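As structure tokens, the structure follows; a few thoughts come after it.
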């Protein structure tokens, strides 16, 4: 560890320069105007990985944004670790809530503020610098491959096909991903479970054009009101999702498992304070950690329609829209839930409006194999780097592609996140702690050493 | 009538040029970037009214956009008619639905397309040209005053104070307004009743910042879902508004009055077809015409919150907004309804969200005095100009300032509209029929002649 820490300390200033270069590129995968930025980002990755000692770098096309691939081959006798990450980021909107611009990284109070600072540029950057460190200090103890995709934030629509077409290239003995959070800076954790996801856009149509709300109001179904009425029926009074069949496959956790979950450190007051809420609200009969870890849910991510500008416009609009998502837990299947939702939601449409449901993307929930060498290597690596043993956690987030990796590549991922929940990923003022980044480089390095050791 | 029609025919081309000049000015009162356009519009009005024979024109300041005033004084012995109109227009958004740009007037198939083509530039332009016509043909038979305000589309917030401060200037024997519709081009009508209005913006706050919908979803109240749940409670299953006390002062129309209302020409199928709806929807137990004429209602004019861009963003938003309005009928009072709504809506907020209600503006419902000389003069004027006797109608729209004119100026307005419901006011592709404009000039001219005759 001493040698690792010395190298990091010596090169810290340059690391930060390179990290800032990466953050300056607005690689927003969901917005078509940023397509050139996606290529600028893979160009930079090519330079950075070559400089870090990779002996093969490639920008591989898909039907959407390309996948960046890099490799450091040591010996066919040694095991191979595949590291996954993503260079695309969430849209930065609303811009006005950022204290400094989202693509002009700024360091304040030990944190770097930028869109992608954590998710996922900061986290995969730790693995890039671990490669450089190992290359500089005698070479990695195993073969390492990197697959850094550009469509994670839009549901990785082309990654299944990419994996199917590149099974040989991606062949590995372990899959390592840093795209999750630790409990706190001194409590490392491995993410044992992740929720799955369904994401829809719905469109309601009332009259064929916007109407004067005085001349027509009261005699014509208003699609905004209809949408509200339909959305209001998606939860019952106990906070349960009302889609018929939604809970049929939800795994029931035993009292023992729930007790283990409750034993980890968690402060409800601090949770409330950190996000400015008077009280937590959710499915009755479950704790906050259960609600985000082992229970499914349904949320609106966006709603819009009619006049949304300054002042008053007296309009009875033609259209109403919403973006609706569910988070899924084992053993729900996103394809099944997509069908259940569409059938149910269409049936809720009141008289006078028509409804269109578009399924944007989805992914299945995930459970990590806690007895695998890779999982055990990660436990030891974060203990080395952060100074305490790790705690397994169920995360509420989703990496929908995890189930594809299992099905297509036969690889059960190890989720060794180095972020923190306070990093505000997907929000304005996303940030990443500098000490987490630097300790993350150490953890990424130690993973390979322990993994090779455990194989022996 | 012959002399009037000949003058209109001879000057038609110039009339249209001047009308187009007026329509080219984007005088959107609700959008602050258009403040200079409001002044450009009053400048043009000054030129046009002077050219039409006015002997006094003034741009009078208010706390908001100025009021344009013009006068043609004939003799202190003669009665005085005050004509009211408004030079401000509704916002044109959404721009992409306009077939030709909203502020580049375009004549197609006997209609002029532009924002304000009808509401209200086209309608008050008929009175401006009637002034010119009377000035050219021996002078008007009475004194005429014009008050053309610039804030009607934002609820005339400063017009009460303006009327109070200018009672002497505005003194008149009749108040004539063209800002409503006829039944069809050959069925003139006078608007006997208009609905009042309340307009609010509501803001809900859940967490203090946008959250990742995976990490927090299921454990934190979502303000978009909460807003939908609150809005869904504003109507019952019979389409009635649920605000306690909302119907307490609603005037009950007798079976006789409802039968008279039902006797006018109305085609429900054509109504549905014209706005592309499968069926009309509203308060149970009432017809479409009753629903928009003699019954109050509640509508959403806008809703927004969270991510509304392209594709998917998995966010649990901090804020949700809606613009909500009610239409009121005699004898509801908008101040009372404003209080009732706010109290009720705030009480609907579920756990975990806070709600802020802002009352943007309102106005009381209106009933015309059908036995006054001015009303009878208008009946005869539209019969002369459009060739058939008129039918009294209850309009669903609102001119909130009508009650102020009664209270402050002692004037009960005569609503001699020359528009048509098919003009799509407040919508994209607003238009005005050229023949309605030209016949409207004749009607405006004849009004003064009949009014003076009936005074004798």
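Protein chains in written order, with this note's numbering: chain A, 1 to 456; chain B, 457 to 912.
All residues carry an ideal CB built from backbone N, CA and C; glycine is no exception.
Given the structure is predicted, the values throughout are model-derived calculations rather than measurements.
Classification of residue 770/B by the beta-carbon crowding that lies within 10 angstroms, buried from 16 upward
Counted from its first residue, the second chain places residue 770/B at position 314. By the neighbour-count criterion, in which a residue is buried when 16 or more other Cβ atoms sit within 10 angstroms of its Cβ, residue 770/B is buried.
Exposed or buried, residue 593/B, counting other C-beta atoms within 10 Å across all chains shown (16 or more means buried)?
For the purposes of this step, residue 593/B is identified with residue 137 of the second chain, where counting begins at 1. Label assigned to residue 593/B: exposed.
Assign residue 707/B to buried or exposed, taking buried as 16 or more other Cβ atoms, counted over all protein chains shown, within 10 Å of its Cβ.
As a position in the second chain, residue 707/B is number 251, starting the count at 1. Exposed: under 16 other Cβ atoms inside 10 Å.
Residue-chain proximity (residue 755/B, chain A), Cβ-Cβ < 9 Å
On the second chain, position 299 is the one that residue 755/B refers to. Residue 755/B counts as touching chain A.
Pairwise C-alpha distance: residue 451/A and residue 385/A:
On the first chain, position 385 is the one that residue 385/A refers to. On the first chain, position 451 is the one that residue 451/A refers to. Answer to the nearest angstrom: the Cα atoms are 15 Å apart.
Scan the stretch 305-317 of chain A for residues whose Cβ lies nearer than 9 Å to a Cβ of chain B and list them as they occur along the chain.
Listed by position along the chain: 305, 306, 307, 308, 309, 310, 311, 312, 313, 314, 315, 316 and 317.
Which residue's Cα is closest to the Cα of residue 126/A: 222/A, 63/A, 416/A and 44/A?
Taking the first chain and counting its residues from 1, the one referred to as residue 126/A is at position 126. If we check each option's Cα against that of residue 126/A, 416/A comes out closest.
Jot down the residue ranges of each uninterrupted beta strand (DSSP E) in the stretch 592-636 of chain B, minimum 3 residues, whole runs only, in chain order.
For the stretch 592-636 of chain B, whole beta strand (DSSP E) runs of length 3 or above, ordered along the chain, are 599-605 and 630-633.
Listed by chain order, chain B residues near residue 209/A by CB distance under 9 Å
Here residue 209/A corresponds to residue number 209 of the first chain, with the count starting at 1. The answer, in chain order, is 553, 731, 732, 880, 883, 884 and 885.
Check whether the Cβ of residue 831/B lies closer than 9 Å to any Cβ atom in chain A.
Position 375 of the second chain, counting from 1, holds the residue named residue 831/B. Chain A has no Cβ within less than 9 Å of the Cβ of residue 831/B.
Tell me residue 921/B's beta-bridge partners as DSSP assigns them.
Chain B is shown only over 457 to 912; residue 921/B falls outside these bounds and no answer can be derived.
Terminal residues of the beta strand (DSSP E) in which residue 304/A lies:
By 1-based counting over the first chain, the position of residue 304/A is 304. Counting along the chain, the beta strand (DSSP E) containing residue 304/A begins and ends at 297-306.
Where the alpha helix (DSSP H) containing residue 769/B begins and where it ends:
To locate residue 769/B, count along the second chain from 1; it is residue 313. It is not in any alpha helix (DSSP H) - residue 769/B carries neither H nor E in the DSSP assignment.
If you measure from the beta carbon of residue 230/A to each beta carbon in chain B, is any gap under 9 Å?
For the purposes of this step, residue 230/A is taken as residue 230 along the first chain, with counting starting at 1. By the rule that beta-carbons nearer than 9 Å mark a contact, residue 230/A touches chain B.
In chain order, what residues of the same chain have a beta carbon less than 7 Å from the beta carbon of residue 530/B, not counting five sequence neighbours either side?
Taking the first residue of the second chain as 1, we reach residue 530/B at position 74. 595, 596, 598 and 599.
Going by beta-carbon coordinates alone, are residue 457/A and residue 238/A separated by less than 9 Å?
With chain A covering only 1 through 456, there is no way to say anything about residue 457/A.
Just checking: is the beta-carbon of residue 90/A within a distance shorter than 9 Å of some beta-carbon in chain B?
Residue numbering aside, residue 90/A sits at position 90 when the first chain is read from its first letter. By this cut-off, residue 90/A is an interface position.
Measure from the C-beta of residue 421/A to each C-beta in chain B and report whether the shortest distance is under 9 Å.
In the first chain, counting from the first residue as 1, residue 421/A sits at position 421. Under the Cβ criterion of 9 Å, residue 421/A is counted among the residues facing chain B.
Report the option in 844/B, 764/B, 791/B and 789/B whose CA atom is closest to the CA atom of residue 93/A.
Position 93 of the first chain, counting from 1, holds the residue named residue 93/A. Residue 93/A has its Cα closest to that of 764/B, out of 844/B, 764/B, 791/B and 789/B.
Could you tell me the distance, in whole angstroms, from the CA atom of residue 389/A to the CA atom of residue 381/A?
Position 389 of the first chain holds residue 389/A. Position 381 of the first chain holds residue 381/A. Straight-line Cα distance between these residues: approximately 10 Å.
Rounded straight-line distance, which links the Cα of residue 254/A to that of residue 111/A:
For this step, residue 111/A is matched to residue 111 along the first chain. For this step, residue 254/A is matched to residue 254 along the first chain. Our two residues, residue 111/A and residue 254/A, have alpha carbons roughly 40 Å apart in a direct line.
Do residue 372/A and residue 172/A count as a contact pair if the criterion is CB distance below 9 Å?
Here residue 172/A refers to the residue found at position 172 of the first chain. Here residue 372/A refers to the residue found at position 372 of the first chain. Not a contact, by the Cβ cut-off of 9 Å.
Please classify residue 799/B as buried or exposed, where buried requires at least 16 other C-beta atoms within 10 Å of its C-beta.
Mapped onto the second chain, residue 799/B falls at position 343. Residue 799/B comes out exposed.
The stretch 15-44 of chain A: which residues have C-beta closer than 9 Å to a C-beta of chain B, in chain order?
Cβ contacts with chain B: 29, 30, 31 and 32.
I want to know whether the stretch 519-526 of chain B touches the stretch 600-615 of chain B - three or more CB-CB distances under 8 Å.
Flag = yes, the stretch 519-526 of chain B and the stretch 600-615 of chain B touch.
For the stretch 659-668 of chain B against the stretch 537-556 of chain B, are there 3 or more C-beta pairs whose distance is under 8 Å?
These segments do not touch.
Can you check whether the C-beta of residue 389/A is within less than 9 Å of a C-beta belonging to chain B?
Sequence index remark: in the first chain, residue 389/A carries index 389 (1-based). No, residue 389/A lies away from the interface with chain B (no Cβ there is under 9 Å from its Cβ).
Cβ shell of residue 181/A (< 6 Å), same chain only, five flanking positions each side left out
Start at 1 with the first residue of the first chain, and residue 181/A comes out as number 181. Cβ within range, chain order: 417, 419, 420 and 421.
With 16 other CB atoms within 10 Å as the buried threshold, where does residue 445/A fall?
As a working note, residue 445/A is residue 445 in the first chain. When all chains shown are included, residue 445/A counts as buried.
Just verifying my parser: in three-state terms, what is the DSSP assignment at residue 887/B?
As a first step, residue 887/B is located in the second chain; it is residue number 431 there, counting from the start. Here residue 887/B sits in strand by DSSP.
Determine the extent of the beta strand (DSSP E) in which residue 468/B is found, giving its start and end residues.
The sequence position of residue 468/B within the second chain is 12, counting from 1. Residue 468/B -> not in any beta strand (DSSP E); alpha helix (DSSP H) instead, spanning 458-479.
Under 9 Å between C-beta atoms, does residue 291/A make it to chain B?
Within the first chain, numbered from 1, the residue matching residue 291/A stands at position 291. It does: the Cβ of residue 291/A has a partner Cβ on chain B nearer than 9 Å.
Taking 9 Å as the threshold (C-beta atoms), are residue 735/B and residue 352/A in contact?
Residue mapping note: residue 352/A aligns to position 352 of the first chain, counting from 1. Residue mapping note: residue 735/B aligns to position 279 of the second chain, counting from 1. In this structure, the beta-carbon distance from residue 352/A to residue 735/B falls below 9 Å.
Give a yes or no on whether the minimum CB-CB distance between residue 481/A and chain B is below 9 Å.
Any property of residue 481/A remains undetermined from this structure, which presents chain A solely from 1 to 456.
Beta-carbon separation of residue 299/A and residue 680/B under 9 Å?
The residue you call residue 299/A lines up with position 299 of the first chain. The residue you call residue 680/B lines up with position 224 of the second chain. Result yes, Cβ atoms of residue 299/A and residue 680/B sit closer than 9 Å.
Inter-residue Cα distance where the pair is residue 715/B and residue 793/B
Sequence index remark: in the second chain, residue 715/B carries index 259 (1-based). Sequence index remark: in the second chain, residue 793/B carries index 337 (1-based). Cα to Cα, residue 715/B sits roughly 29 Å from residue 793/B.
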